[in-house]
Amino acid sequence: MIRTLAKSIREQKKASLLSPFYIFFEVILEVLIPFLMAYLIDFGIEAGNVSYVLRMGATLVLATAVSLLCGVLAGHYAAKASAGYARNLRHDIFYSVQNFSFFNIDRFSTASLITRSTTDVTNIQNAYQMLIRVAIRSPVMFAFSLFMAFSVNRSLSLVFIAVIPFLAGGLYLI
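Have a look at this one:
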């Protein structure tokens, strides 16, 4: 079934790949911003180094702006990919219904066919958009957050490693 649905991606492959690409950079910048803020406080504010504070402040503003831009572009390409995917899926369903035999025409009601080509396709569209945004964002965020936590304090980061099995068990139960 996944292969059948995947055939409808067609010309949306580029947008489907660009969205995770921008999400990747958005997440990296989101994880780096608190790290940069810590440097600003430790080496700028506490040391009284005004030029360092201004430089790091500008770097933070730039990182935030680029992260925002990457987030907007990721959302744009995810919406474009999922809308195009839904359009292709509706097109495929329409032409599939046109090739129905008389037995299948009698088997499916008009209301059922309308539901399959509207509501069901919309749900698949939303699932596809969530797949290329959230399913990519969460593991990347987890990996980079864990990396940054280890780079800040190795011993305290072991708490994260110890908690992961409990979180996985909780997710499994939900």
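In the numbering used here, the protein residues as written are 575 to 748.
Ideal placement from N, C-alpha and C gives every residue a C-beta, glycine not left out.
Residue i: CB within 6 Å of a non-hydrogen atom of the ligand ADP
i, result
"G645", "With respect to the ligand ADP, the structure shown offers nothing to examine, as it has no ligands at all."
Limits of the alpha helix (DSSP H) - the one that residue i falls within
i, result
"N662", "624-672"
"T578", "576-580"
"E604", "587-613"
"G744", "728-747"
Local Cβ density within 10 Å of residue i, reported as buried at 16 or more and exposed below that
i, result
"I706", "buried"
"Q703", "buried"
"A648", "buried"
"L741", "exposed"
"Q672", "exposed"
"S582", "buried"
Same chain, Cβ closer than 8 Å to residue i, neighbours up to 5 away in sequence not counted
i, result
"V695", "A660, L663, R664, I667"
"Q699", "S656, A657, Y659, A660, L663"
"F674", "F682"
"S719", "V605"
"Y669", "none"
Cutoff 7 Å; reference residue i; Cβ partners in own chain excluding five residues on either side
i, result
"Y626", "F617, G618"
"T638", "I607"
"R711", "I597, V601"
"K654", "A589"
"A701", "none"
For residue i, the nearest candidate out of the options (CA to CA)
i, options, result
"I738", "F716, L643, A637", "F716"
"T633", "A621, Y613, S731, P713", "Y613"
"L610", "S725, L745, A742", "S725"
"A709", "E604, N623, A652, T578", "A652"
"P594", "I615, N623, P713", "P713"
"I735", "Y746, L745, A723", "A723"
"S590", "H650, S729, L636", "H650"
Contact set for residue i: own chain, Cβ-Cβ below 6 Å, skip 5 residues either direction
i, result
"G631", "none"
"F599", "C644"
"S641", "E600, L603, E604"
"S691", "R664, I667"
"E620", "none"
"S731", "A723, F724"
**Report entry** Ranges of the alpha helix (DSSP H) found wholly within the stretch 672-732, counting only runs of at least 4
**Finding:** 676-681, 684-691, 693-726
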